[in-house]
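Chemist: There's a structure below that I have some questions on.
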Amino acid sequence: MTKTEEKSQVDRTVYENEDFNYAIGWNRFSLDVLGAWPRRNSGIIGRQRSLVCALGIIILIYLPQSASVVVHWGNMDAVIECLSVNGPVFLAFAKLLLFRYRRKEIRMLIDFMSDDWNTPRSLEEREAMLRTAKMSRVISLGSGVITHTLFVAYIFYKIYFGIEDMKRTDLDPRLAVGLLHPARLPFDTRKIEYFIPMWIGQCFCTYFSMTIYAVFDCMISAVVLHICGQFSVIGLALRNLADDQVGCRSDLFREKLAAIVKRHEKLNDSIGVIEDSFSSILLPQMLICTFTFCFQGFALITSLLGSSTGKITFLETAFSVTYVFYTVLHLFVYCYIGDQLLVESSSISYSVYDSHWYNLPARHARSLLFVGYRSLRPLKITAGKYCGFSRNLFIIVLKTSMGYLSMLLTVKQRMTD
Numbered sequence: 001m002t003k004t005e006e007k008s009q010v011d012r013t014v015y016e017n018e019d020f021n022y023a024i025g026w027n028r029f030s031l032d033v034l035g036a037w038p039r040r041n042s043g044i045i046g047r048q049r050s051l052v053c054a055l056g057i058i059i060l061i062y063l064p065q066s067a068s069v070v071v072h073w074g075n076m077d078a079v080i081e082c083l084s085v086n087g088p089v090f091l092a093f094a095k096l097l098l099f100r101y102r103r104k105e106i107r108m109l110i111d112f113m114s115d116d117w118n119t120p121r122s123l124e125e126r127e128a129m130l131r132t133a134k135m136s137r138v139i140s141l142g143s144g145v146i147t148h149t150l151f152v153a154y155i156f157y158k159i160y161f162g163i164e165d166m167k168r169t170d171l172d173p174r175l176a177v178g179l180l181h182p183a184r185l186p187f188d189t190r191k192i193e194y195f196i197p198m199w200i201g202q203c204f205c206t207y208f209s210m211t212i213y214a215v216f217d218c219m220i221s222a223v224v225l226h227i228c229g230q231f232s233v234i235g236l237a238l239r240n241l242a243d244d245q246v247g248c249r250s251d252l253f254r255e256k257l258a259a260i261v262k263r264h265e266k267l268n269d270s271i272g273v274i275e276d277s278f279s280s281i282l283l284p285q286m287l288i289c290t291f292t293f294c295f296q297g298f299a300l301i302t303s304l305l306g307s308s309t310g311k312i313t314f315l316e317t318a319f320s321v322t323y324v325f326y327t328v329l330h331l332f333v334y335c336y337i338g339d340q341l342l343v344e345s346s347s348i349s350y351s352v353y354d355s356h357w358y359n360l361p362a363r364h365a366r367s368l369l370f371v372g373y374r375s376l377r378p379l380k381i382t383a384g385k386y387c388g389f390s391r392n393l394f395i396i397v398l399k400t401s402m403g404y405l406s407m408l409l410t411v412k413q414r415m416t417d
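Residue numbers 1 to 417, in my numbering, belong to the letters of the sequence shown in order.
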């Protein structure tokens, strides 16, 4: 057996646990499509596929669309439409590169999850882990459905308006017409030999950008929720630590407590890895989500209240609503798991109080205080180490977006008066 075949066999053996695949199976499939899943036995093509996808996103979508902003400058509606799409596209590009750069850390976190699922557990502990696994599954599948719905809506939306634009004679000749994204290109896309490859390339890259934008968030949420489940398992172990069998034997008590402390520190270290590796991308995501919600709301409201009142198409409405929901949902996922992590990490101290610590010898009861003190400062996921994700932050972001939206509508009204 060759070394590559041995590594492939290791991957299949480690990741064949049914519950583990239930928790992150959809994320693994989506990352495999992009070449971003950190396989041990990836060949040259497998290792470079994610880089090819990233270059396609930046070359076929981001740069041509950024160049079109110069052409549209002065047209507030067109500029805002370009920026509302270009921001998330660049963020998707950055996420794909970050996944590639942090391959070692992602592999470590995945192995950490796999080891936990392959460890024999009591029925109560397994149920605690399955609760978070089910939530990870719901988030992944829900995000996948919304992503594919948005992709289909965007394609039909752009085909419809591309056909309409081809009939117009007042468009700037510097802009490509009929493509999926506004673009200023160095060649004439009215020629069929340029138009078809460019359209197909943008179609694939649009799918890649939407997928990595979503699956990045789903994968991080799956790991954080798994760690939340492990905090629940530690809580169960602490509550059972002071039973008659363990409490009466000093050697067994110290052994059990040492295992709990080591496990607690490992969970804290895992959150530290996530924070150090990925918090840098979460601050731009929070800002882009704020502006995207504002820009898409502006586009939808101006379409409804503008000169085309009564003529707004179903596709335009469906795309705007789905796109806003797509971006806001992924921000809410981070805020939700941030709250869950805060609650679960701080609940360790309550588990100590819920145990029968009063039945323990004094020296053993004092030992439990160290575990309780360690959890007094709850863990959190931050946006660039600037602010912690929570549902309160989500409300603040929405309120800020509405404030910016009101400002844009006021500026638009003054420009038309």
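C-beta atoms are modelled at their ideal positions from N, C-alpha and C, and glycine is treated no differently.
Answer yes or no: the CB of Gly388 versus the heavy atoms of the ligand ATP, is any distance below 8 Å?
Modeler: No copy of the ligand ATP occurs in the structure displayed, which carries no ligand at all.
Chemist: Work out the CA separation of His181 and Tyr157 for me, nearest whole Å.
Modeler: Approximately 11 Å between the Cα atoms of the pair.
Chemist: Within 10 angstroms of the Cβ of Glu125, are there 16 or more other Cβ atoms? Answer buried if so, exposed if not.
Modeler: Under this definition Glu125 is a buried residue.
Chemist: Can you grab the Cα-Cα spacing for the pair Gly263 / Asp116, in whole Å?
Modeler: In the sequence as presented, Gly is not what sits at residue 263; that position holds Arg. Roughly 11 Å between the two C-alpha positions.
Chemist: Which value, in whole angstroms, describes the spacing of the CA atoms of Val52 and Phe204?
Modeler: For Val52 and Phe204, the distance between alpha carbons rounds to 12 Å.
Chemist: How would you write the range of the alpha helix (DSSP H) that Ile381 sits in, first residue to last?
Modeler: Neither: Ile381 is in no alpha helix (DSSP H) and is coded neither H nor E.
Chemist: Since I believe Phe20 is in contact with Ser270 (beta carbons under 8 Å), could you give me their beta-carbon distance rounded to a whole number of angstroms?
Modeler: Incorrect: roughly 16 Å between the Cβ atoms, too far for contact.
Chemist: Just the Cα atoms here: how many angstroms apart are Met415 and Pro38?
Modeler: In a straight line, the C-alpha of Met415 is about 51 Å away from that of Pro38.
Chemist: Within 10 angstroms of its Cβ, does Tyr160 collect 16 or more other Cβ (buried), or is it exposed?
Modeler: The residue in question, Tyr160, is exposed, as its Cβ has fewer than 16 Cβ neighbours within 10 Å.
Chemist: If I'm right that Ala299 touches Ile80 with Cβ under 8 Å, what's the distance once you round it to whole angstroms?
Modeler: Yes, they are in contact, since the Cβ atoms of Ala299 and Ile80 sit about 6 Å apart, within 8 Å.
Chemist: Find out if the Cβ-Cβ distance for the pair Thr292, Thr327 is shorter than 9 Å.
Modeler: Yes, Cβ-Cβ distance for Thr292 and Thr327 is below 9 Å.
Chemist: Which of the three DSSP states, helix, strand or coil, is assigned to Gly144?
Modeler: Helix.
Chemist: With a threshold of 7 Å on Cβ separation, who are the neighbours of Ser232 within its own chain once the five nearest residues in sequence on each side are excluded?
Modeler: Cβ neighbours of Ser232 beyond the five flanking positions: Ala128, Glu344.
Chemist: Could you tell me which of Ile274, Lys134, Leu31, Ala153 sits nearest to Tyr213, measuring between CA atoms?
Modeler: For the residues Ile274, Lys134, Leu31, Ala153, the minimum Cα distance to Tyr213 belongs to Leu31.
Chemist: Are at least three pairs of beta-carbons, each pair with one atom in the region 54-66 and one in the region 191-208, less than 8 Å apart?
Modeler: The answer is yes - the region 191-208 touches the region 54-66, with three or more Cβ pairs under 8 Å.
Chemist: Hey, would you say Ala23 sits closer than 9 Å to Thr132, going by beta carbons?
Modeler: In this structure, Thr132 lies closer than 9 Å to Ala23 by Cβ.
Chemist: Which class does Gly35 belong to by DSSP, given the choice of helix, strand or coil?
Modeler: Coil, per DSSP.
Chemist: Roughly how many whole angstroms lie between the Cα atoms of Arg168 and Val177?
Modeler: Their backbone Cα atoms lie some 10 Å apart in a straight line.
Chemist: Check whether the region 365-374 and the region 328-336 touch, using three or more Cβ-Cβ pairs below 8 Å as the test.
Modeler: Too few Cβ pairs lie closer than 8 Å, so no.
Chemist: Out of curiosity, what's the CA-to-CA distance linking Val352 and Gly372?
Modeler: The straight-line gap from Cα to Cα measures roughly 7 Å.
Chemist: For Leu257, which residues of its own chain have a beta-carbon under 7 Å away from its beta-carbon, when the five flanking residues on both sides are left out?
Modeler: Only Leu241, Ser367 meet the Cβ criterion.
Chemist: Could you tell me which whole alpha helix (DSSP H) segments of length 4 or greater appear in the region 62-139?
Modeler: Counting whole runs of 4 or more residues, the region 62-139 contains the alpha helix (DSSP H) stretches 63-72, 76-101, 103-118.
Chemist: Quick one, are the C-beta atoms of Ser280 and Gly388 less than 9 Å apart?
Modeler: Contact: no.
Chemist: By how many angstroms is the C-alpha of Cys82 removed from the C-alpha of Gln230?
Modeler: Cα-Cα distance, rounded: 43 Å.
Chemist: Which residue comes first and which comes last in the alpha helix (DSSP H) that contains Pro197?
Modeler: First-last of the alpha helix (DSSP H) with Pro197: 192-239.
Chemist: Taking the CB atoms as reference points, tell me whether Asp77 and Thr302 lie closer together than 9 Å.
Modeler: Result yes, Cβ atoms of Asp77 and Thr302 sit closer than 9 Å.
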